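> What follows is a structure written as structure tokens; I'll ask about it next.
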Amino acid sequence: MRVHLVDGTYELFRHFFAVPPHADASGRERGAVVGVVQSLIGMLEGDATHMGVATDHVVESFRNDLYAGYKTGEGIEPRLREQFEPLEEAIGALGVVVWPMVDVEADDALAAAAAAAADDKRVKQVVLCSPDKDLAQCVRGDRIVQLDRRSGKAWNAKGVVERFGVPPASIPDYLALVGDSADGFPGLPGWGAKSASTLLARYGRLEAIPKSTDDWDVSVRGAEKLGRVLREGWKDALLFRKLATLRTDKPRVNLDRLAYRGPKAAFRALAESWRRPKLWERALALKK
8 MRVHLVDGTY ELFRHFFAVP PHADASGRER GAVVGVVQSL IGMLEGDATH
58 MGVATDHVVE SFRNDLYAGY KTGEGIEPRL REQFEPLEEA IGALGVVVWP
108 MVDVEADDAL AAAAAAAADD KRVKQVVLCS PDKDLAQCVR GDRIVQLDRR
158 SGKAWNAKGV VERFGVPPAS IPDYLALVGD SADGFPGLPG WGAKSASTLL
208 ARYGRLEAIP KSTDDWDVSV RGAEKLGRVL REGWKDALLF RKLATLRTDK
258 PRVNLDRLAY RGPKAAFRAL AESWRRPKLW ERALALKK
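Using my numbering, the first residue of the sequence shown is number 8, and each one after it goes up by one.
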């Protein structure tokens, strides 16, 4: 079997900015929710048989306690924010497993689910449906791959190296140096993709990079300055790496529950409230 794991929060944002507004029968904005649900049904009509969706029930997580500048829910458009919980309700009613995350983030849940699924001998491949940089650390050969559903581009372990210049295991170290604007931490001053990938392709982890640039056996432009910045910003680098490292302890995943078996009765009422009754018919036709 192939297991598809979807970043529901990313999909909600993507559809909010990509599809026209659409109010339900009560006048509440649900365009992004409907867009995501249509997308999930499309996947199930394709080759998806086992699926789980992770969402950020709240935007903040344990990482906000570690670093004050980490991303928050501040600035999210109200019409988008009000669709977070309705999305979770809709996915559950569709009959797809949904993990609403509070203490950890949706990406952590996807990492946990991917690790659990990949360890099951029945699974041929796990597809992580999100382009987020930090999820590249979860990729394993061709067994766990990452997919950007918007562009259709997929990355296996070789593709991660082509994309970032480092293997999946080095992604947290890479992001520690270059930063991740999507998550709100800046990396170290002066460190860019080229310098970080060159050093980490050679040494793998931050701790393995020689403290003295005289001992670097790869050529990096501005090495002396970069080495000084790394030494002076060592604690920040370790903190940023911790922020970028995905946890794999939540949720606990039951692979058999990911098999799609059709919509719940509540989905019919939702589809009618959205004035999209054919979504119920499409979902019902998928019932195994």
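Think of the CB as a built atom: it goes at the ideal place given N, C-alpha and C, for glycine as much as any other residue. Source: prediction; values computed, not measured.
How is P322 classed by DSSP in three states: helix, strand or coil?
Residue 322 lies beyond the stretch modelled for the chain, which goes from 8 to 295, so this question has no answer here.
> Please list, in chain order, all residues of the same chain as G199 whose beta carbon is under 7 Å from its beta carbon, the five residues on each side excluded.
As a position in the sequence shown, residue 199 is number 192, starting the count at 1. Once the five neighbours on either side are set aside, the close Cβ partners of G199 are V185.
> Should F247 go down as buried or exposed, given a rule of 16 or more other Cβ atoms within 10 Å for buried?
Here residue 247 corresponds to residue number 240 of the sequence shown, with the count starting at 1. Under this definition F247 is a buried residue.
> Hey, how far is the Cα of L293 from the Cα of D126?
To locate residue 293, count along the sequence shown from 1; it is residue 286. To locate residue 126, count along the sequence shown from 1; it is residue 119. Roughly 27 Å between the two C-alpha positions.
> Roughly how many angstroms separate the alpha carbons of G191 and G49, rounded to a whole number?
One-based indexing of the sequence shown puts residue 191 at position 184. One-based indexing of the sequence shown puts residue 49 at position 42. Spanning the two alpha carbons is a distance of roughly 33 Å.
> Mind reading off the beta-carbon distance from A230 to W241? Whole number of angstroms is fine, and I expect it under 8 Å.
By 1-based counting over the sequence shown, the position of residue 230 is 223. By 1-based counting over the sequence shown, the position of residue 241 is 234. With 8 Å as the limit, A230 and W241 do not qualify as a contact, their Cβ atoms being about 17 Å apart.
> So, are the CB atoms of L142 and A251 less than 7 Å apart?
Position 135 of the sequence shown, counted from the first residue, corresponds to residue 142. Position 244 of the sequence shown, counted from the first residue, corresponds to residue 251. No, Cβ-Cβ distance for L142 and A251 is not below 7 Å.
> Rank V103, A61, I83 by C-alpha distance to the C-alpha of D115 and give the top, closest one.
For the purposes of this step, residue 115 is identified with residue 108 of the sequence shown, where counting begins at 1. Of the candidates V103, A61, I83, the one whose C-alpha sits nearest the C-alpha of D115 is A61.
> For D31, which residues of its own chain have a beta-carbon under 7 Å away from its beta-carbon, when the five flanking residues on both sides are left out?
The residue labelled residue 31 in the question sits at position 24 within the sequence shown. Result list for D31: R37, S280, W281, in chain order.
> So what does DSSP say about W281, is it helix, strand or coil?
Within the sequence shown, numbered from 1, the residue matching residue 281 stands at position 274. In the structure shown, W281 sits in coil (DSSP, three-state: anything other than H, G, I, E or B).
> For S204, collect the residues of the same chain with a Cβ closer than 7 Å to its Cβ; drop the 5 residues on either side in sequence, then sort them by chain order.
On the sequence shown, position 197 is the one that residue 204 refers to. Taken in chain order, the residues that qualify are F171, G172, V173, Y181.
> Report yes or no: do the region 85–94 and the region 210–225 share at least 3 C-beta pairs separated by less than 8 Å?
no
> Tell me, please, which residues DSSP counts as bridged to H11.
Here the question's residue 11 lines up with position 4 in the sequence shown. The partner list for H11 (beta bridge, DSSP) reads M58, V134.
> Mind checking who D256 pairs with in its DSSP beta bridge?
Counting from 1 along the sequence shown, the entry for residue 256 is found at position 249. Within the DSSP bridge table, the entry for D256 names no partner.
> Exposed or buried, which one is A276 when buried takes at least 16 other CB atoms within 10 Å?
Against the sequence shown, residue 276 aligns to sequence position 269. With fewer than 16 other Cβ atoms within 10 Å, it is exposed.
> Does the separation of the CB atoms of V109 and I98 fall below 7 Å?
Within the sequence shown, numbered from 1, the residue matching residue 109 stands at position 102. Within the sequence shown, numbered from 1, the residue matching residue 98 stands at position 91. For V109 and I98, no; Cβs fall outside 7 Å.
> Is K160 helix, strand or coil when you go by DSSP?
Locating residue 160 in the sequence shown gives position 153, where the first residue counts as 1. Looking at K160 - three-state DSSP - the assignment turns out to be strand.
> Opposite A30 in the DSSP bridges: which residues?
In the sequence shown, residue 30 corresponds to position 23, counting from 1. Per DSSP, E36.
> Give a yes or no on whether the minimum CB-CB distance between A215 and chain B is below 7 Å.
Absent here is chain B; the protein component of the structure consists of one chain.
> Have a look at the DSSP bridge pairing and note the partners of I83.
Within the sequence shown, numbered from 1, the residue matching residue 83 stands at position 76. Partner(s): none; I83 has no beta bridge.
> For P27, which residues of its own chain have a beta-carbon under 7 Å away from its beta-carbon, when the five flanking residues on both sides are left out?
Numbered from its first residue, the sequence shown carries residue 27 at position 20. G38.
> Helix or strand or just coil, what does DSSP make of A208?
As a first step, residue 208 must be located in the sequence shown, where it is residue number 201. Of the three classes helix, strand and coil, the one that applies to A208 here is helix, per DSSP.
> So what's V152 in DSSP terms, helix, strand or just coil?
The residue labelled residue 152 in the question sits at position 145 within the sequence shown. In the structure shown, V152 sits in a strand (DSSP, three-state: E or B).
> Reducing DSSP to helix, strand and coil, say where D63 ends up.
Residue numbering aside, residue 63 sits at position 56 when the sequence shown is read from its first letter. In this structure, D63 counts as strand in the three-state DSSP scheme.
> Identify which residue in L245, K232, T79, V152 has its Cα closest to the Cα of P196.
If you number the sequence shown from 1, residue 196 lands on position 189. Of the candidates L245, K232, T79, V152, the one whose C-alpha sits nearest the C-alpha of P196 is K232.
> What is the DSSP secondary structure of F192, reduced to helix, strand or coil?
For this step, residue 192 is matched to residue 185 along the sequence shown. Here F192 sits in strand by DSSP.
> Would A119 and T255 be called neighbours here (beta carbons separated by less than 7 Å)?
The residue you call residue 119 lines up with position 112 of the sequence shown. The residue you call residue 255 lines up with position 248 of the sequence shown. Yes, the Cβ-Cβ distance between A119 and T255 is below 7 Å.
> Among all the DSSP beta bridges, which residues are the ones paired with R147?
Along the sequence shown, read from residue 1 onward, the residue named residue 147 stands at position 140. Note: R147 sits in a beta bridge opposite I151.
> Say yes only if the C-beta of E95 is nearer than 6 Å to one or more non-hydrogen atoms of the ligand SAM, and no if none qualify.
The ligand SAM is not part of this structure, which contains no ligands at all.
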